[in-house]
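As structure tokens, the structure follows; a few thoughts come after it.
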Amino acid sequence: MIIDEVQQAPDLLSFIQAQVDHDDEPGRFILTGSQNFLLMEQVSQTLAGRCGILHLLPFSRAELERQARPNPVSPDTLFFNPVTRLSCWKTIFTGFYPRIHERGIPPEVWLADYLRTFVERDLRRMVNIGDPETFERFLRLCAGRTGQLLNFSALASDAGVAVDTARRWISILKTSFLVFLLPAYHRNFNKRLIKSPKLYFHDTGLAAHLLGIRTEDQLFCHPARGALFENYILAEIGKAFLHHRREPPMFFWRDQTGHEIDLLIEDSHALYPIEVKSGATFAPEMLANLTWWNRLSGTPPTHSSLVIGGEQRFEYASVSIRPWFSV
């Protein structure tokens with residue numbers, strides 16, 4: 001039996017608990033809900049230890065193309081060969097919410113309705129956010145910080161709220177699967193490290209919409225295009241892990257001198273550094289940070305990858321150069 005939006009009928013959960021206690025065969029009940037706050041609170045109270053939980057993010061590009069992705073355990077399995085090659089900037093602009101693709105709804109139309117519903121109905125019902133207009137301004141400020149270090153004090157100041165409020169609202173956005181935080185890598189290769197996390201959106205279409213981007217051409221010329229391209233790559237890699245029921249072992253690394261690796265994947269006691277550049281044409285200077293990192297950490301160049309906004313696929317100085325659509 002499939003019960004949708006089960007958080008709207010919390011009394012059902014006690015009945016389901018009794019049924020499961022009587023017959024615990026897996027799969028008898030599939031419960032779905034779009035309001036993670038209420039659903040998880042109710043499930044933890046009645047069905048703890050009796051259920052498996054699966055979080056469904058917006059589509060991945062592989063899902064849109066109906067392709068299976070291998071378990072991402074190394075650079076060889078992290079990337080894949082798509083059947084079709086969509087436009088890079090159209091893909092990032094449109095995003096991956098199912099209704100947009102299923103019904104051909106223009107992203108700017110559906111996303112405006114989604115935000116209105118999320119802020120004015122769902123959040124008001126679930127948590128006390130105070131003034132919805134202030135919260136929406138906060139959300140737009142978050143979009144403007146895509147790919148940047150999360151500074152709660154600066155974000156709170158710009159939004160006109162207290163730092164504790166900013167922290168609580170970021171927690172709400174994380175629980176709602178609108179944003180995710182990329183932690184700094186913990187190993188101390190250099191004592192002068194940046195330790196704050198970086199902020200990203202699960203869906204680049206939503207981030208672009210919050211920035212006022214309404215067309216693919218506007219995105220291509222927008223100052224945030226590099227940040228949104230990086231966001232797209234990291235979000236897709238994260239989905240690849242989550243689809244295999246694995247918490248993404250994803251980090252970034254930056255020191256106070258400006259050296260940075262956009263993405264570090266730690267797996268099987270190995271580190272796989274990945275740099276992301278939105279430029280369509282490869283240039284050797286794109287490898288500067290990877291070269292510096294490999295010397296510092298002792299990582300072999302063969303573990304390193306550079307993802308670019310073009311369609312080239314080759315090796316340069318033992319580093320794999322990957323096109324954007326292979327992620």
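So for the sequence shown, the UniProt record's numbering puts the first residue at 1; every next one is plus one. No residue lacks a Cβ here, since even glycine has one placed at the ideal position from N, Cα and C.
I'd like the list of long-range same chain contacts for residue i, defined as Cβ closer than 8 Å, with 5 residues on each side in sequence excluded.
i: G310; result: G279, A280, T281, F282, P323, W324
i: A68; result: A62
i: S157; result: none
What is the DSSP secondary structure of residue i, counted as helix, strand or coil?
i: F138; result: helix
i: F79; result: coil
i: I213; result: coil
i: M250; result: strand
i: V109; result: helix
i: D255; result: strand
i: Y97; result: coil
i: L199; result: strand
i: D4; result: coil
i: S305; result: strand
i: L149; result: strand
i: R245; result: coil
i: V119; result: helix
i: G298; result: coil
i: F229; result: helix
i: P223; result: coil
i: A283; result: coil
i: G104; result: coil
Quick check: the Cα distance between residue i and residue j, rounded to an integer number of angstroms?
i: L86; j: F96; result: 13 Å
i: N151; j: L12; result: 42 Å
i: I172; j: L264; result: 26 Å
i: L296; j: T175; result: 36 Å
i: R254; j: Y200; result: 16 Å
i: L64; j: R121; result: 29 Å
i: K90; j: E216; result: 6 Å
i: T302; j: D203; result: 30 Å
i: T299; j: L182; result: 21 Å
i: W293; j: E260; result: 8 Å
i: F138; j: R225; result: 20 Å
i: S268; j: A9; result: 43 Å
i: A227; j: Q42; result: 37 Å
i: I2; j: M126; result: 23 Å
i: H101; j: H209; result: 16 Å
i: W169; j: E25; result: 39 Å
i: L47; j: V319; result: 48 Å
i: I53; j: H244; result: 13 Å
i: F135; j: A162; result: 12 Å
i: Q218; j: G212; result: 9 Å
i: S60; j: T165; result: 32 Å
i: G33; j: Y316; result: 47 Å
i: Q312; j: Q35; result: 41 Å
i: Y272; j: Q17; result: 44 Å
i: F80; j: V327; result: 6 Å
i: R246; j: R28; result: 24 Å
i: L111; j: H186; result: 36 Å
i: H222; j: F93; result: 11 Å
i: D131; j: G144; result: 20 Å
i: F314; j: D76; result: 13 Å
i: C142; j: D23; result: 46 Å
i: L306; j: Q45; result: 46 Å
i: V179; j: S304; result: 27 Å
i: I233; j: R116; result: 27 Å
i: M250; j: E266; result: 7 Å
i: G205; j: H55; result: 19 Å
i: L31; j: F15; result: 13 Å
i: A270; j: V109; result: 44 Å
i: F252; j: Q7; result: 36 Å
Can you check DSSP and say which residues form a bridge with residue i?
i: V127; result: The partner list for V127 (beta bridge, DSSP) is empty, contrary to what the question assumes.
i: D267; result: A270
i: Y316; result: V319
i: E260; result: R254
i: K90; result: According to DSSP, K90 bridges with nothing at all.
i: K277; result: I308
Please list, in chain order, all residues of the same chain as residue i whose beta carbon is under 6 Å from its beta carbon, the five residues on each side excluded.
i: K277; result: M286, I308
i: L193; result: D255
i: L123; result: I129
i: residue 345; result: Outside the shown range of the chain, which is 1 to 327, sits residue 345, and nothing can be said about it.
i: V20; result: R50
i: L78; result: P72
i: F220; result: W89
To which residues of the same chain is residue i closer than 7 Å at the C-beta, ignoring the five residues directly before and after it?
i: I105; result: R99
i: G147; result: K198, Y200, A227, E230, N231
i: G160; result: T134
Return yes when the C-beta of residue i is under 6 Å from any heavy atom of the ligand SAM, and no when it is not.
i: L296; result: Only the bare structure without any ligand can be found here, which leaves the ligand SAM out of the picture.
List, from N- to C-terminal side, the beta strand (DSSP E) runs of 3 residues or more that fit wholly inside the region 157 to 194. 179 to 182
Of all the alpha helix (DSSP H) runs that stay within the bounds of the region 8 to 83, which reach a length of 4 or more residues? For the region 8 to 83, whole alpha helix (DSSP H) runs of length 4 or above, ordered along the chain, are 11 to 22, 36 to 46, 61 to 64, 75 to 78.
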